[in-house]
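A.B. asks: Quick one: structure below, then a few questions.
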Amino acid sequence: TLTHLTAELLLVTASLTTNHEGLPPAVPAGDDDEGHSDEDDDDDLDDEDENCPASCHCSPRVMQCSDQGLISIPEKIPEDTVMIDLQNNDITEIKEDDFKGLHKLYGLFLINNKISKIHPKAFRNMDHLRLLYLSYNLLTEIPANLPPNVIELRFHSNKINRVQKDAFKGLRKLHVLELGANPLANSGMELGAFNGLSTLYLGVAEAKLTAYPKKTSSDIKTCRG
């Protein structure tokens, strides 16, 4: 449910404030804060707000833009951002340069929008992206050229009716793939759709599958709910 996903997002946000998976700490370690005043803190907050897109709230490396009625990805996202929360908006499309220059991005959450189109180059050069959540949108197929080091992909409750051959090619670190509640039938699973995947949790609950996907590795655990 969306409540569960929101709670999960809060846990992810908390994890990004610690040194996790090679990420630097949110606040650089330093010497004692002797001589550092509350006024200095206020100045830092003002600077942060100046660099934050309108309708969003930014803390170090995290950008929160949920529930703002946005119809497109905000412009001028700070390049050091590691987590972006854009859930519960009205975004319809991800364009080629929406995330350009965000080489440090680790988590991207686009749950509960109206996304039906993703540019084939939208995720280029995003080698650090590990979490990509696109549940509750209007996608009809798996996006092309997904981030190469992604660990979790969530497409729950879209309109996906086909998983094309080599859709996940090269995603050797993928551990969780959620495809539940899509109009996905056996005929829509092309032979070789899961080529290259090994240890994987595959969620297909509420899909229209009547059998396990063909040619899945013995290490792929399919959950049909």
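With mature numbering (1 follows the signal peptide of the UniProt record, and there is no 0) applied, the sequence shown corresponds to residues -22 to -1, 1 to 203, in that order.
For each residue, glycine too, the CB sits at the ideal point set by N, CA and C.
Alpha carbon to alpha carbon, how far is residue 158 from residue 185? Give it in angstroms, no decimals.
C.D. replies: Residue mapping note: residue 185 aligns to position 207 of the sequence shown, counting from 1. Residue mapping note: residue 158 aligns to position 180 of the sequence shown, counting from 1. Each residue's Cα considered, the two are about 6 Å apart.
A.B. asks: Can you grab the Cα-Cα spacing for the pair residue 144 / residue 175, in whole Å?
C.D. replies: The count along the sequence shown starts at 1 and reaches residue 144 at position 166. The count along the sequence shown starts at 1 and reaches residue 175 at position 197. Roughly 10 Å between the two C-alpha positions.
A.B. asks: Less than 8 Å between the beta carbons of residue 39 and residue 63, yes or no?
C.D. replies: Here the question's residue 39 lines up with position 61 in the sequence shown. Here the question's residue 63 lines up with position 85 in the sequence shown. Taking 8 Å as the Cβ cut-off, residue 39 and residue 63 do not qualify as a contacting pair.
A.B. asks: According to DSSP, is residue 28 helix, strand or coil?
C.D. replies: In the sequence shown, residue 28 corresponds to position 50, counting from 1. Looking at residue 28 - three-state DSSP - the assignment turns out to be helix.
A.B. asks: Leaving out the 5 sequence neighbours to the left and right, which residues in its chain are closer than 8 Å to residue 107 when beta-carbon positions are compared?
C.D. replies: As a first step, residue 107 must be located in the sequence shown, where it is residue number 129. For residue 107, where only same-chain residues beyond five positions count, the Cβ hits under 8 Å are 83, 84, 85, 86, 101, 125, 127, 128.
A.B. asks: Which same chain residues, not among the five before or five after residue 66, have their C-beta less than 6 Å away from its C-beta?
C.D. replies: Indexing the sequence shown from 1 puts residue 66 at position 88. Taken in chain order, the residues that qualify are 44, 45, 90.
A.B. asks: List, from N- to C-terminal side, the alpha helix (DSSP H) runs of 4 residues or more that fit wholly inside the segment 51 to 84.
C.D. replies: Listed in chain order, there is nothing to give.
A.B. asks: Who are the Cβ neighbours of residue 112 in its own chain at under 6 Å, not counting the five residues just before and after it?
C.D. replies: As a position in the sequence shown, residue 112 is number 134, starting the count at 1. 88, 133.
A.B. asks: Count the other CB atoms within 10 Å of the CB of residue 131; is the residue buried (16 or more) or exposed (fewer)?
C.D. replies: Reading the sequence shown from its first residue, position 153 is the one you call residue 131. It is buried - the Cβ of residue 131 has at least 16 other Cβ atoms within 10 Å.
A.B. asks: Determine the extent of the beta strand (DSSP E) in which residue 41 is found, giving its start and end residues.
C.D. replies: Stepping through the sequence shown from its first residue, residue 41 is reached at position 63. 40 to 42 is the extent of the beta strand (DSSP E) around residue 41.
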